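Chemist: The structure is given below, and queries will be raised subsequently.
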Amino acid sequence: MNTYHLPEDLLEGSSAGQNEIIIRHYTSGHDSVKNRIILNRNMINLLISGTKTIVYPDSTAVVRAGELVVLSTGNVLTSELLAGAEHFTSILFYFSNEVFNQFLIKYDHLLNKITPQRTKQPFLIFRQDSFIKQFILSIQALMHKGNILSAEVRLLKIEELLLYLLHADPERFCSIQILTSDKQELQIRKVVESHVGQLITVEELAFLCHMSTSTFKRKFNDIYQTTPRKWLLARKLELAAEMLRISDESPSAVYMKVGYQNHSSFSEAFRNHFGCTPSDYQQMHLNVVP
Numbered sequence: 001m002n003t004y005h006l007p008e009d010l011l012e013g014s015s016a017g018q019n020e021i022i023i024r025h026y027t028s029g030h031d032s033v034k035n036r037i038i039l040n041r042n043m044i045n046l047l048i049s050g051t052k053t054i055v056y057p058d059s060t061a062v063v064r065a066g067e068l069v070v071l072s073t074g075n076v077l078t079s080e081l082l083a084g085a086e087h088f089t090s091i092l093f094y095f096s097n098e099v100f101n102q103f104l105i106k107y108d109h110l111l112n113k114i115t116p117q118r119t120k121q122p123f124l125i126f127r128q129d130s131f132i133k134q135f136i137l138s139i140q141a142l143m144h145k146g147n148i149l150s151a152e153v154r155l156l157k158i159e160e161l162l163l164y165l166l167h168a169d170p171e172r173f174c175s176i177q178i179l180t181s182d183k184q185e186l187q188i189r190k191v192v193e194s195h196v197g198q199l200i201t202v203e204e205l206a207f208l209c210h211m212s213t214s215t216f217k218r219k220f221n222d223i224y225q226t227t228p229r230k231w232l233l234a235r236k237l238e239l240a241a242e243m244l245r246i247s248d249e250s251p252s253a254v255y256m257k258v259g260y261q262n263h264s265s266f267s268e269a270f271r272n273h274f275g276c277t278p279s280d281y282q283q284m285h286l287n288v289v290p
């Protein structure tokens with residue numbers, strides 16, 4: 001019996017970045033029973049026609065046309081049954097834990113007041129209401145005649161879908177956080193991402209994460225493969241560069257917004273990182289021919 005690695009085996013020889021969002025229209029003209037699947041990314045399957053059975057080590061999901069299922073990574077057995085003479089058809093989203101973590105961080109203000117259900121499962125099934133059905137139509141329209149979706153559009157669509165599931169059933173949605181196996185990792189990401197532009201020390205970040213400084217540094221390196229100090233410096237400068245590109249604020253106004261205490265240290269760090277001064281960088285990106 002063949003073993004399929006997903007989504008890799010669907011990419012037809014092309015490669016995808018580790019945190020790239022993959023959207024596929026899937027169709028099959030025959031039944032299949034107990035395919036061995038190694039799911040290397042989390043998946044949302046919006047079932048259009050047919051019935052799908054997913055067997056995890058300790059539970060089984062049966063998904064029918066008019067439903068969608070959120071699946072966590074792992075080894076599963078899947079069966080697909082056609083609906084009469086129709087093909088088995090679905091829209092598939094594949095996304096990494098990193099993508100989901102960034103979503104949780106971005107919309108933390110919507111999540112922190114919700115009490116998740118205690119029951120933990122490797123999957124969640126939702127009914128397709130009128131919004132989800134329109135969402136499927138929008139994906140099909142975007143992918144019409146083999147159109148390639150940009151990374152920005154794919155990110156927008158996965159966020160739209162996740163936000164709607166959060167809006168429609170917030171308590172159940174929060175149990176999707178089982179996709180993030182390390183809660184401590186998510187806590188670190190939330191804390192450091194929300195304090196990038198602030199004047200804060202590594203010791204203070206460790207305190208906010210309820211860890212000793214040494215534990216925080218070790219876990220931080222496991223997540224980001226660098227030290228907290230180097231990561232914060234790079235992120236501050238990237239944030240400053242973004243502000244210089246899209247606004248007419250002077251470098252003397254920007255440096256305070258990214259957590260620097262004086263303009264000279266900001267300019268020196270910026271030059272070392274980007275190879276030019278903040279003023280020169282801004283001029284290069286604002287000199288656009290009308």
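Going by full-length UniProt numbering, the first residue of the sequence shown is number 1, and it counts up by one from there. We treat Cβ as the ideally placed atom computed from N, Cα and C, and that holds for glycine. Since the model is a prediction, treat every value here as computed from it, not as a measurement.
(1) According to DSSP, is Ser247 helix, strand or coil?
(2) Do you know offhand how far Asn40's Cα is from Thr73's?
(3) Could you tell me the distance, in whole angstroms, from the CA atom of Gly49 to the CA atom of Ser59?
(4) Can you grab the Cα-Cα spacing for the pair Ser267 / Leu208, in whole Å?
(5) Reducing DSSP to helix, strand and coil, say where Val196 ends up.
(6) Output needed for His195: all residues of its chain with C-beta closer than 7 angstroms, excluding positions within five of it in sequence on either side, in chain order.
(7) How big is the Cα-Cα spacing for Ser32 and Ile54?
(8) Along the beta strand (DSSP E) that carries Val70, what are the first and last residues, could you check?
(9) Can you tell me the Cβ-Cβ gap for Asn75 and Ile38, rounded? I've got them flagged as a contact below 8 angstroms.
(10) Rank Phe100, Thr78, Ala65, Ile139 by C-alpha distance to the C-alpha of Thr89 and give the top, closest one.
(11) What do you reckon, are the CB atoms on Leu111 and Cys174 nearer than 8 angstroms?
(12) Taking 8 angstroms as the threshold, find out whether the region 271-282 comes into contact with the region 230-242 through three or more Cβ pairs.
(13) Of the choices Lys34, Pro57, Val70, Ala61, whose alpha-carbon is the least far from that of Leu161?
(14) Rounded to whole angstroms, what is the Cα-Cα separation between Glu67 and Leu149?
(15) What ranges does the alpha helix (DSSP H) occupy inside the region 128-172, keeping only unbroken runs of at least 4 residues that lie completely in it?
(16) The alpha helix (DSSP H) spanning Lys113 covers which residue range?
(17) Do residue 293 and Ile21 have their C-beta atoms within less than 8 angstroms of each other?
(18) Taking the alpha helix (DSSP H) that Glu8 falls in, what are its first and last residues?
(19) Just the C-alpha distance for Ile136 and Leu237, rounded to the nearest angstrom, thanks.
(20) Drop a sphere of 10 angstroms on the beta-carbon of residue 299, count the other beta-carbons inside from all chains shown, and report buried for 16 or more, exposed for fewer.
(21) Going by DSSP, what residue range makes up the beta strand (DSSP E) through His25?
(22) According to the neighbour-count rule (16 or more other Cβ atoms, all chains shown, within 10 Å of its Cβ), is Thr78 buried or exposed?
(23) Along the chain, where does the beta strand (DSSP E) containing Tyr94 start, and where does it finish?
(24) Determine, using beta carbons only, whether Glu203 and Thr215 come nearer to each other than 8 angstroms.
(25) Evaluate Phe220 with the Cβ neighbour count: other Cβ atoms within 10 Å of its Cβ, from every protein chain shown; 16 or more gives buried, anything less gives exposed.
(26) Mind checking which residues open and close the alpha helix (DSSP H) that includes Asn272?
(27) Does the distance from the CB of Ile23 to the CB of Lys157 come in under 8 angstroms?
(28) Hey, Ile91 and His25 are a contact pair by Cβ (cut 8 angstroms); roughly how many whole angstroms apart?
(29) Who are the Cβ neighbours of Glu80 in its own chain at under 7 angstroms, not counting the five residues just before and after it?
(30) Under 8 angstroms Cβ to Cβ from Leu6, same chain only, skipping five residues before and after it: list those, please.
Modeler: This is what the structure holds:
(1) Stepping through the sequence shown from its first residue, residue 247 is reached at position 247. In the structure shown, Ser247 sits in coil (DSSP, three-state: anything other than H, G, I, E or B).
(2) Walking along the sequence shown from the start, residue 40 turns up at place 40. Walking along the sequence shown from the start, residue 73 turns up at place 73. Distance between the alpha carbons of Asn40 and Thr73: 6 angstroms.
(3) Start at 1 with the first residue of the sequence shown, and residue 49 comes out as number 49. Start at 1 with the first residue of the sequence shown, and residue 59 comes out as number 59. Residue identity differs from the one stated: residue 49 is Ser in this sequence, not Gly. Going from the Cα of Ser49 to the Cα of Ser59 covers about 23 angstroms.
(4) On the sequence shown, position 267 is the one that residue 267 refers to. On the sequence shown, position 208 is the one that residue 208 refers to. Going by the C-alpha atoms only, they are around 29 angstroms apart.
(5) Numbered from 1 along the sequence shown, position 196 holds the residue referred to as residue 196. It is coil, neither helix nor strand.
(6) For this step, residue 195 is matched to residue 195 along the sequence shown. Excluding sequence neighbours, His195 sits near Leu205.
(7) As a first step, residue 32 must be located in the sequence shown, where it is residue number 32. As a first step, residue 54 must be located in the sequence shown, where it is residue number 54. Going from the Cα of Ser32 to the Cα of Ile54 covers about 12 angstroms.
(8) The residue labelled residue 70 in the question sits at position 70 within the sequence shown. Per DSSP, Val70 belongs to the beta strand (DSSP E) from 67-71.
(9) Counted from its first residue, the sequence shown places residue 75 at position 75. Counted from its first residue, the sequence shown places residue 38 at position 38. The C-beta distance from Asn75 to Ile38 rounds to 6 angstroms, short enough to meet the 8 angstroms contact threshold.
(10) By one-based count along the sequence shown, residue 89 stands at place 89. That would be Ala65, whose Cα lies nearest to the Cα of Thr89.
(11) As a working note, residue 111 is residue 111 in the sequence shown. As a working note, residue 174 is residue 174 in the sequence shown. In this structure, Leu111 places its C-beta atom within 8 angstroms of the C-beta atom of Cys174.
(12) yes
(13) Along the sequence shown, one-based indexing puts residue 161 at 161. Nearest in C-alpha terms to Leu161, of all of Lys34, Pro57, Val70, Ala61, is Val70.
(14) Counted from its first residue, the sequence shown places residue 67 at position 67. Counted from its first residue, the sequence shown places residue 149 at position 149. The straight-line gap from Cα to Cα measures roughly 24 angstroms.
(15) 130-142, 151-168
(16) Locating residue 113 in the sequence shown gives position 113, where the first residue counts as 1. Where Lys113 is concerned, there is no enclosing alpha helix (DSSP H), given that its DSSP letter is neither H nor E.
(17) Here the chain covers residues 1 to 290 and nothing more, so residue 293 does not appear.
(18) For the purposes of this step, residue 8 is identified with residue 8 of the sequence shown, where counting begins at 1. Element bounds for Glu8: n/a, residue is neither H nor E.
(19) For the purposes of this step, residue 136 is taken as residue 136 along the sequence shown, with counting starting at 1. For the purposes of this step, residue 237 is taken as residue 237 along the sequence shown, with counting starting at 1. Using only the alpha carbons, I get a separation of about 39 angstroms.
(20) Since the first residue shown for the chain is 1 and the last is 290, residue 299 is missing from the structure and cannot be characterised.
(21) Stepping through the sequence shown from its first residue, residue 25 is reached at position 25. Run containing His25: 22-28, per the beta strand (DSSP E) assignment.
(22) On the sequence shown, residue 78 is found 78 positions in, with the first residue counted as 1. When all chains shown are included, Thr78 counts as buried.
(23) Position 94 of the sequence shown, counted from the start, is the residue given in the question as residue 94. Taken as a continuous stretch (DSSP letters only), the beta strand (DSSP E) holding Tyr94 covers 88-95.
(24) Here residue 203 is taken as the residue at index 203 of the sequence shown, counted from 1. Here residue 215 is taken as the residue at index 215 of the sequence shown, counted from 1. No; because the gap between Cβ atoms is not below 8 angstroms, this pair is not in contact.
(25) For the purposes of this step, residue 220 is taken as residue 220 along the sequence shown, with counting starting at 1. Residue burial annotation: Phe220 is buried, with at least 16 other C-beta atoms found within 10 angstroms of its C-beta.
(26) As a first step, residue 272 must be located in the sequence shown, where it is residue number 272. Asn272 -> alpha helix (DSSP H) spans 263-274.
(27) Sequence index remark: in the sequence shown, residue 23 carries index 23 (1-based). Sequence index remark: in the sequence shown, residue 157 carries index 157 (1-based). Yes. Within cutoff.
(28) As a working mapping, residue 91 is identified with position 91 in the sequence shown. As a working mapping, residue 25 is identified with position 25 in the sequence shown. About 6 angstroms separates the two Cβ atoms, so the contact holds.
(29) Taking the sequence shown and counting its residues from 1, one reaches residue 80 at position 80. Hits under 7 angstroms: Ser28, Asp31, Ser32, Gly50, Lys52, Phe88.
(30) Against the sequence shown, residue 6 aligns to sequence position 6. If we look at Leu6 and ignore the five residues flanking it on each side, its Cβ neighbours are Ile37, Ile38, Leu39, Asn40, Arg41, Met43, Tyr94.
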